[in-house]
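Since the structure comes first, as C-alpha cells, the remarks are kept for the end.
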Amino acid sequence: MWKYILKRIAIAIPVLIGITVIDYGLMCLAGSPLDMLVGPRVSEGALEARAVAWGLDQPFYVQYFVWLQQVLTGNLGYSTTSYQAVSDMIASHLGPTLLLMATSLALSLVISLPLGIWSATHPYTKRDYALVSLSFVGTGIPSFFLALVLIWLFTIQLGWLPSSGMTTLGTGGGVLDVLRHMVMPVTVLTVYYTGVNLRYFRSSMLEISQQDYLRTARAKGIGERRVVWNHGLRNTLLTVITVVGTEVPMLFGGSVIVEQVFSWPGLGLMTMSAITSRDYPVIMGVCLMTAVVVVLVNLVTDILYALADPTVELK
Numbered sequence: 009m010w011k012y013i014l015k016r017i018a019i020a021i022p023v024l025i026g027i028t029v030i031d032y033g034l035m036c037l038a039g040s041p042l043d044m045l046v047g048p049r050v051s052e053g054a055l056e057a058r059a060v061a062w063g064l065d066q067p068f069y070v071q072y073f074v075w076l077q078q079v080l081t082g083n084l085g086y087s088t089t090s091y092q093a094v095s096d097m098i099a100s101h102l103g104p105t106l107l108l109m110a111t112s113l114a115l116s117l118v119i120s121l122p123l124g125i126w127s128a129t130h131p132y133t134k135r136d137y138a139l140v141s142l143s144f145v146g147t148g149i150p151s152f153f154l155a156l157v158l159i160w161l162f163t164i165q166l167g168w169l170p171s172s173g174m175t176t177l178g179t180g181g182g183v184l185d186v187l188r189h190m191v192m193p194v195t196v197l198t199v200y201y202t203g204v205n206l207r208y209f210r211s212s213m214l215e216i217s218q219q220d221y222l223r224t225a226r227a228k229g230i231g232e233r234r235v236v237w238n239h240g241l242r243n244t245l246l247t248v249i250t251v252v253g254t255e256v257p258m259l260f261g262g263s264v265i266v267e268q269v270f271s272w273p274g275l276g277l278m279t280m281s282a283i284t285s286r287d288y289p290v291i292m293g294v295c296l297m298t299a300v301v302v303v304l305v306n307l308v309t310d311i312l313y314a315l316a317d318p319t320v321e322l323k
C-alpha cells in the first residue's frame, strides 16, 4: 500500500506542474491585469512601474518560474487588487465552501442511496418511473435558474429565507442563522447531485441483483431485505466510492455559480471576483489547490477501492 501511495505521489508531481503551466499560459493569453488599471488618470509611467513591481515586464517563462519558486517555498503570492496573501485569502474562504459542499454531498447521498436501491428492487413500476423522471428533472434544471426560482419564492414572495450571505448583517450570526442562509444554496446543489446519484445507484443495484451470489442468497430463504441490504448494498459501495470521488472535484466547480448567485463567501465567489479583475495570483492559487484536491481524492478513492473489494489490486 505504501509503495503504491508513494508511486502515485511521484506521478502526481509532474501532473501538477503541467496543470500550472497550462493555467499560467492561458491566463497570459487572456490579457494582463494592467489592462484593468488603464484610465485617463493613470499615466504610462505608472503602468510601467506597476508592471516592473508585478514582474509583468518579464517573458512568460520567467514569470512562471518566479511564481513556481515562490510556491515551492510556501508563498502563493499576493493579490493584485487587495494586496492580501493568497494563502490567507484561500484559508478564509475555504471553510464556507467546504461547509456547503459537505452538507450538499451528504444530503444527496442520504436521499439518493435508499431511493436508488428501492427503485432498483422495484424496477419498471410506476413509482420507479416517477423516481427516474424526477432524477432527470433534477439534473436538467440549470443551477442558476433553480436558485433564482427559490429566491423569488422563499425570499421575495414568502419572506422566509435570506437570499445572500452566510450570516445576517449587523448580527453576531450563530448556528441557526447560518443554517437559514444555507437552506437555498444547499437545496440547489442537493437537487442536482441527488438526480445524478439516484440513477448511478439504481443502475449499479440492477446489475448486482442479477449476479449469481444474490440468487443463491435468495434461494437460501434469508429474506429479501437481508439479501438487498447485507449482500447487495456492500457490493454497491464501489459505486458509492466512485460517485463521491468524482463529485468532490465537481463540487468545487459547481459551487462557483451557486456561491455567485447567493453571495456565499466561499472560494467560488472569490474566484469569480479574481477572474473579473484578472487577479492572476489568486486564480493560480485556486487552480493549484483544486488540482491538489483532485489528485488527493483520486488517491483516496483508489485506496478505498482496495478496502471495499479485496479483489482489487493496487499496482
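According to the numbering used here, the sequence shown is numbered sequentially starting from 9. Every residue, glycine too, gets a C-beta built ideally from N, C-alpha and C. Bear in mind the structure is a predicted one, so any value in this text is a computation, not a measurement.
Please classify residue 91: does DSSP put it in a helix, a strand, or coil? coil
Between residue 37 and residue 303, which are expected to be in contact by the criterion C-beta below 8 Å, what is the C-beta distance as a whole number of angstroms? Not really, about 25 Å apart at Cβ, beyond 8 Å.
Please list, in chain order, all residues of the same chain as residue 29 whose beta carbon is under 8 Å from its beta carbon, the five residues on each side excluded. Here the set comprises 72.
If you draw a straight line from the C-alpha of residue 306 to the C-alpha of residue 283, how long is it? Approximately 27 Å, taken between the alpha carbons.
Can you look up residue 12 in the DSSP assignment and give me helix, strand or coil? Helix.
From which residue to which residue does the alpha helix (DSSP H) around residue 185 run? 183 to 216
With distances taken between CB atoms, is the gap from residue 275 to residue 84 smaller than 8 Å? no
Hey, would you say residue 159 sits closer than 8 Å to residue 192, going by beta carbons? Against a cut-off of 8 Å, the Cβ pair of residue 192 and residue 159 comes out as a contact.
Is residue 287 closer than 8 Å to residue 89 when the C-beta atoms are compared? yes
Given that a residue counts as buried once 16 or more other Cβ atoms are within 10 Å of its Cβ, and exposed if not, what is residue 75? buried
Please classify residue 141 as buried or exposed, where buried requires at least 16 other C-beta atoms within 10 Å of its C-beta. exposed
Between which residues of its own chain and residue 20 is the CB-CB distance below 7 Å, once the five residues before and five after are set aside? 303
Alpha-carbon spacing of residue 182 relative to residue 254, whole angstroms: Using only the alpha carbons, I get a separation of about 32 Å.
Buried or exposed for residue 184, going by 16 or more other Cβ atoms inside 10 Å? exposed
Near residue 32, what residues of its chain come up, given a Cβ to Cβ distance below 6 Å and the 5 sequence neighbours on each side ignored? 72
Using 8 Å as the Cβ pair cut-off and three pairs as the minimum, do the region 194 to 202 and the region 116 to 134 touch? In short, these stretches touch, since the Cβ pair count reaches three.
What's the C-alpha gap between residue 281 and residue 273? Distance between the alpha carbons of residue 281 and residue 273 is about 11 Å.
Could you check whether residue 206 and residue 6 sit closer than 8 Å to each other, using their CB atoms as the reference points? In the structure as shown, the chain starts at 9 and stops at 323, and residue 6 therefore has no counterpart that could be examined.
Using three-state DSSP, classify residue 86 as helix, strand or coil. strand
Which stretch, first to last residue, makes up the alpha helix (DSSP H) that contains residue 68? 68 to 80
Between the Cα of residue 107 and those of 216, 94 and 197, spot the shortest distance and give me the residue it belongs to. 197
Can you give me the Cβ contacts of residue 277 inside the same chain, cut-off strictly under 7 Å, excluding the 5 residues immediately before and after it? Excluding the 5 residues flanking it on each side, residue 277 has same chain C-beta neighbours closer than 7 Å at 267, 268 and 271, in chain order.
C-beta atoms of residue 194 and residue 127 nearer than 8 Å: no
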